[in-house]
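*Asks:*
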Amino acid sequence: THCISSAASDVYKRQVITTAMCIASTFSLSSFSAVVVEKNSERPIESNTENVIEKDIEKITVEGAATANESPVGTFNSPISNLEYDPRVDLQSRNMAEAQADVTIRGGIFENTGFSVGSATLIDPQTGHYVAEMPIAPEMLSAPAILTGVDNSLYGANSSVGSVAFKWRPIQTAGSVSLGMGNNNFNMQRIHNAVSWSVDDSSQWKAGIEGEYSRSESDGTIDNGDHQFERASGRIQLLSDSSQTDLFFGYQQKFFGWPNLYTPFNVNETEDLETRLLIFNHLQQYAQESTFEVSAYYRQQNDHYVFSRENPESFQAFHETKVKSVAASGRHGLTEKLALNYAVQFTADEIESTSLENNFTSRDYYKVSLVPEYAIALKDNEHITFRAGGAYDDTNRDDSSISLISDVVWHKINPDNSARTVNLSYSEATQVAGYTAIGGSTSSGLFRSNDTLERETSKNLELGLSLDEATWRVDSAVFYRWDNELTDWTYSFDSTSARVANPVDIETIGFEFIAITRMENADFVTSYTYLDKSEDYGDENIDASFYALNYPPHRFTLGVIWYPGEALELRVDNEWRKQEKNLLRNGDDKAFFTHITLTYAPPQVEGLELVLAVDNMWDESFEEIPGTPGRSDQLSATASYYW
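Residue numbers (our numbering): 117 to 759.
(1) Among K438, G190, L456, which residue has its Cα nearest to the Cα of S334?
(2) To the nearest whole angstrom, what separates the beta carbons of A760 and V277, a pair I think is in contact under 8 Å?
(3) Using beta-carbon positions only, say whether G272 and A545 come within less than 8 Å of one another.
(4) On the DSSP letters alone, give me the boundaries of the beta strand (DSSP E) that V538 sits inside.
(5) Quick check on M304: does DSSP put it in helix, strand or coil?
(6) If you compare alpha carbons, which of S560, T337, I630 is closest to G580?
(7) Considering just the uninterrupted stretch of the beta strand (DSSP E) at D584, what are its terminal residues?
(8) Tell me the start and end of each unbroken alpha helix (DSSP H) in the segment 431-463 that is at least 4 residues and wholly inside, in chain order.
(9) Please classify A753 as buried or exposed, where buried requires at least 16 other C-beta atoms within 10 Å of its C-beta.
(10) So, N732 versus W678, is the Cβ gap smaller than 8 Å?
(11) Where does S478 sit, in a helix, a strand or coil, going by DSSP?
(12) For Y667, does the count of other Cβ atoms within 10 angstroms reach 16, so buried, or fall short, so exposed?
(13) Would you kindly report the start and end of the unbroken alpha helix (DSSP H) that includes L270?
(14) How is E656 classed by DSSP in three states: helix, strand or coil?
(15) With a CB to CB cut of under 8 Å and the five nearest residues on each side skipped, what residues in its chain are close to T511?
(16) Among residues of its own chain, excluding the 5 on either side of R159, which ones have a beta-carbon nearer than 6 Å to its beta-carbon?
(17) Quick check on K370: buried or exposed, where buried means 16 or more other Cβ atoms within 10 Å of its Cβ?
(18) Would you list, in sequence order, the uninterrupted beta strand (DSSP E) runs of no fewer than 3 residues that lie entirely inside the segment 315-356?
(19) Which residues in the same chain have their Cβ closer than 7 Å to the Cβ of G223, if we skip the five residues on either side of it in sequence?
(20) In chain order, which continuous runs of the beta strand (DSSP E) of length 3 or greater are located wholly inside the segment 583-641?
(21) At what residues does the beta strand (DSSP E) containing A553 begin and finish?
(22) Should V721 go down as buried or exposed, given a rule of 16 or more other Cβ atoms within 10 Å for buried?
(23) With a CB to CB cut of under 7 Å and the five nearest residues on each side skipped, what residues in its chain are close to G703?
(24) Look up G244 in the DSSP assignment and say whether it is helix, strand or coil.
(25) Skipping 5 residues on each side, what residues in its chain have a beta carbon closer than 7 Å to that of V311?
(26) Looking only at its chain, what residues have a beta carbon closer than 6 Å to the beta carbon of T463, apart from the 5 residues adjacent to it on each side?
(27) Taking buried to mean at least 16 other C-beta atoms within 10 Å of its own C-beta, is E387 buried or exposed?
(28) From this set, T710, G654, Y653, which residue's C-alpha is nearest T760's C-alpha?
(29) Going by Cα to Cα distance, which pick from S294, G446, Q416 is closest to H398?
(30) Counting pairs of Cβ atoms below 8 Å between the segment 260-274 and the segment 405-418, do you hit three or more?
(31) Let me know the secondary structure DSSP gives P663 once reduced to three states.
(32) Considering only residues of the same chain and omitting the five flanking positions on each side of P742, which have a CB-CB separation below 7 Å?
(33) Going by DSSP in three states, P428 sits in which element: helix, strand or coil?
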């Protein structure tokens with residue numbers, strides 16, 4: 117009832133829509149375990165096997181699971197929750213991940229990371245700080261697939277290093293209500309419901325409607341770290357054996373504060389964000405091994421930033437961005453051995469801002485990727501896939517660029533159903549700077565722009581190995597990346613500004629190792645990543661980097677899911693890191709974080725779950741962003757009822 121592609125990157129582009137149809141699986145070289153969603157339940161059962169579990173299953177989705185925990189401790193769940201414990205990314209948060217978080221991949225910066233839903237990459241023209249503002253209930257989305265190298269070059273847009281990609285889940289009849297409370301005067305309320313039904317008593321067509329409302333507030337884990345969040349989202353869906361169509365609308369309002377949120381001047385800053393998102397998505401299977409997906413969205417983001425909450429008139433800024441985009445991607449099988457992978461996206465944005473000084477307030481983006489694929493069968497259950505093509509990027513304000521995309525993948529399935537995969541790839545990607553970096557004042561202000569910034573380019577050479585057994589899986593990769601004209605935000609002790617946008621050339625060597633194993637009553641996922649950088653700013657007056665040189669040369673993660681009994685479940689995520697030294701960082705360059713969740717499902721009340729959770733258990737004060745205070749510990753107790 118589900119299909120496994122020969123090439124790891126192809127697997128990402130297919131997602132199982134029903135038990136009778138295989139459109140995509142997000143199981144790839146960077147995926148670690150499968151998730152099987154039971155009938156009438158939104159809670160996943162995790163498994164590391166690609167075989168279908170014999171249960172009363174209505175629809176099946178196979179996804180990657182890189183962390184033990186699924187929900188945050190200090191607010192309601194969002195698409196980026198718990199990414200800080202995901203070994204594939206480095207999440208650097210202000211206040212908490214759901215407040216404002218910079219998601220970086222393989223030592224890049226937040227501006228290099230894209231977020232996509234369906235075929236479309238969501239763009240925030242003001243700054244990459246806000247690309248993760250997606251007012252979508254996590255029940256509606258697949259687990260995130262982390263795209264790097266060839267996959268990012270092919271499917272990403274204006275994201276030169278990596279992308280966090282989501283797909284739309286089929287709607288299932290299910291629902292839940294949750295109430296939570298904790299220290300720091302934290303409280304949370306949430307309701308979610310979804311209904312799916314057959315159309316005209318037909319087994320081929322189903323319709324569905326899904327909605328949720330969530331809110332939370334707290335005084336914060338440190339002084340002046342309070343938050344008030346609210347989200348409402350809903351969608352309608354039409355589903356068949358060969359297609360899935362979704363129409364979605366979401367609204368989100370977030371207020372949060374934090375000392376030194378963006379500046380190193382020891383002030384209590386605040387931010388008020390309001391996001392509206394409308395998305396249409398259609399996924400279609402046709403012919404043999406052929407699919408296409410069309411996505412269109414409209415996104416409006418309003419931001420009110422206050423430098424000092426005690427003296428708001430000293431400096432504040434208002435921004436309103438609007439983005440319209442249409443995108444398509446797919447795979448067209450030409451013959452049994454030959455196929456064409458493609459992606460295209462057109463995006464138009466505009467911004468109204470009190471901090472921009474020139475007429476550079478709108479831009480059109482164009483990207484087209486074409487990558488032919490040729491497969492050669494070596495012997496039974498063993499073959500090599502070659503892909504070679506390119507991407508064309510352009511805007512109405514910047515020079516165009518052509519990027520090379522290529523890889524070769526060897527894949528073998530053994531008689532015992534174990535698998536071996538080796539891939540070698542070379543890929544290029546490119547992007548342009550956001551308006552905050554290029555369109556503001558170049559001589560004054562807190563955040564100083566640079567109107568000489570050029571198109572950024574990234575080149576990635578990579579060798580990967582994947583071993584997949586019945587009860588364990590190992591993924592590993594070594595890569596070398598050249599980033600040219602990368603836009604970084606820097607600081608000089610002689611400057612009165614908080615940050616200045618500057619270009620930098622960086623060469624990065626990296627190694628990743630991730631392993632997952634399943635035992636009789638426990639699952640484990642562990643990882644180690646190594647990064648080494650050499651940089652050239654061409655300017656001796658730069659004393660510190662907020663982002664490009666804020667990375668961990670060494671990082672370990674360990675996630676454990678333990679089932680001590682039928683009614684109990686313990687989930688633990690751990691992260692240890694050794695951060696690169698930075699003149700702006702206060703405190704230690706080493707950190708150890710732990711997130712623990714204990715769940716009790718009383719057998720007397722079917723559908724009831726009681727959860728005790730703690731994040732930052734050891735009260736680690738590590739500054740994830742240099743000069744910005746780290747979060748303290750957060751405890752919570754949540755009662756949820758599922759139907």
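Cβ atoms here follow ideal geometry from the backbone N, Cα and C, with glycine treated the same way.
Computed from a predicted structure; not experimentally measured.
*Replies:* Looking at the atomic coordinates:
(1) Counted from its first residue, the sequence shown places residue 334 at position 218. Looking only at K438, G190, L456, the smallest Cα-Cα distance to S334 is reached by G190.
(2) Past the edges of the chain, shown from 117 to 759, lies residue 760, and the structure says nothing about it.
(3) The sequence position of residue 272 within the sequence shown is 156, counting from 1. The sequence position of residue 545 within the sequence shown is 429, counting from 1. Closer than 8 Å, so yes.
(4) The residue labelled residue 538 in the question sits at position 422 within the sequence shown. It spans 535-547 - the beta strand (DSSP E) in which V538 sits, taken as one unbroken run.
(5) Taking the first residue of the sequence shown as 1, we reach residue 304 at position 188. In the structure shown, M304 sits in a strand (DSSP, three-state: E or B).
(6) As a first step, residue 580 is located in the sequence shown; it is residue number 464 there, counting from the start. Selected option, being the one with the closest Cα: I630.
(7) Residue mapping note: residue 584 aligns to position 468 of the sequence shown, counting from 1. Element bounds for D584: 572-584.
(8) If we require 4 residues or more, the segment 431-463 turns out to have no alpha helix (DSSP H) run fully inside it.
(9) Taking the first residue of the sequence shown as 1, we reach residue 753 at position 637. A753 comes out exposed.
(10) On the sequence shown, residue 732 is found 616 positions in, with the first residue counted as 1. On the sequence shown, residue 678 is found 562 positions in, with the first residue counted as 1. Not a contact, by the Cβ cut-off of 8 Å.
(11) Looking up residue 478 in the sequence shown gives position 362. Strand, per DSSP.
(12) On the sequence shown, position 551 is the one that residue 667 refers to. Answer is buried; the Cβ neighbour count reaches 16.
(13) Numbered from its first residue, the sequence shown carries residue 270 at position 154. Taken as a continuous stretch (DSSP letters only), the alpha helix (DSSP H) holding L270 covers 265-271.
(14) Within the sequence shown, residue 656 is the residue found at index 540, counting from 1. Coil.
(15) On the sequence shown, residue 511 is found 395 positions in, with the first residue counted as 1. So the list reads R479, D480, Y481, Y482, V548, once near-sequence residues are dropped.
(16) Mapped onto the sequence shown, residue 159 falls at position 43. A caution first: R159 carries a pLDDT of 33, below 50, which makes its placement in the model unreliable, though a value can still be read off. Excluding positions up to five away in sequence, the list is empty.
(17) Locating residue 370 in the sequence shown gives position 254, counting from the first residue. Buried.
(18) 321-334, 343-356
(19) Walking along the sequence shown from the start, residue 223 turns up at place 107. T624, G626, L647, K649, Y667, listed in sequence order.
(20) Secondary structure in the segment 583-641: the beta strand (DSSP E) runs of 3 residues or longer, each lying completely within the stretch, are 588-607, 615-634 in chain order.
(21) As a working mapping, residue 553 is identified with position 437 in the sequence shown. Annotation for A553: no beta strand (DSSP E) segment contains it, though the alpha helix (DSSP H) segment containing it runs 551-554.
(22) Residue 721 sits at position 605 when you count from the first residue of the sequence shown. Classification of V721: exposed, given that the 10 Å Cβ count is below 16.
(23) Here residue 703 refers to the residue found at position 587 when the sequence shown is read from its first residue. Cβ neighbours of G703 beyond the five flanking positions: S737, F738, E739.
(24) The residue labelled residue 244 in the question sits at position 128 within the sequence shown. It is helical.
(25) What you label residue 311 is simply residue 195 of the sequence shown in a count that begins at 1. Taken in chain order, the residues that qualify are T289, G324, I325.
(26) Translated into positions along the sequence shown, residue 463 becomes position 347. Around T463: I239, S441, Y481.
(27) Taking the sequence shown and counting its residues from 1, the one referred to as residue 387 is at position 271. Buried, because 16 or more other Cβ atoms sit within 10 Å of the Cβ of E387.
(28) Residue coverage of the chain in this structure runs from 117 to 759, which leaves residue 760 outside it and unanswerable.
(29) Along the sequence shown, one-based indexing puts residue 398 at 282. H398 has its Cα closest to that of G446, out of S294, G446, Q416.
(30) no
(31) By one-based count along the sequence shown, residue 663 stands at place 547. Rather than Pro, the amino acid found at residue 663 in this sequence is Tyr. Here Y663 sits in coil by DSSP.
(32) For this step, residue 742 is matched to residue 626 along the sequence shown. Taken in chain order, the residues that qualify are A660, F662, N666, N698, L700, R701.
(33) Within the sequence shown, numbered from 1, the residue matching residue 428 stands at position 312. Note: P428 maps to helix in three-state DSSP.
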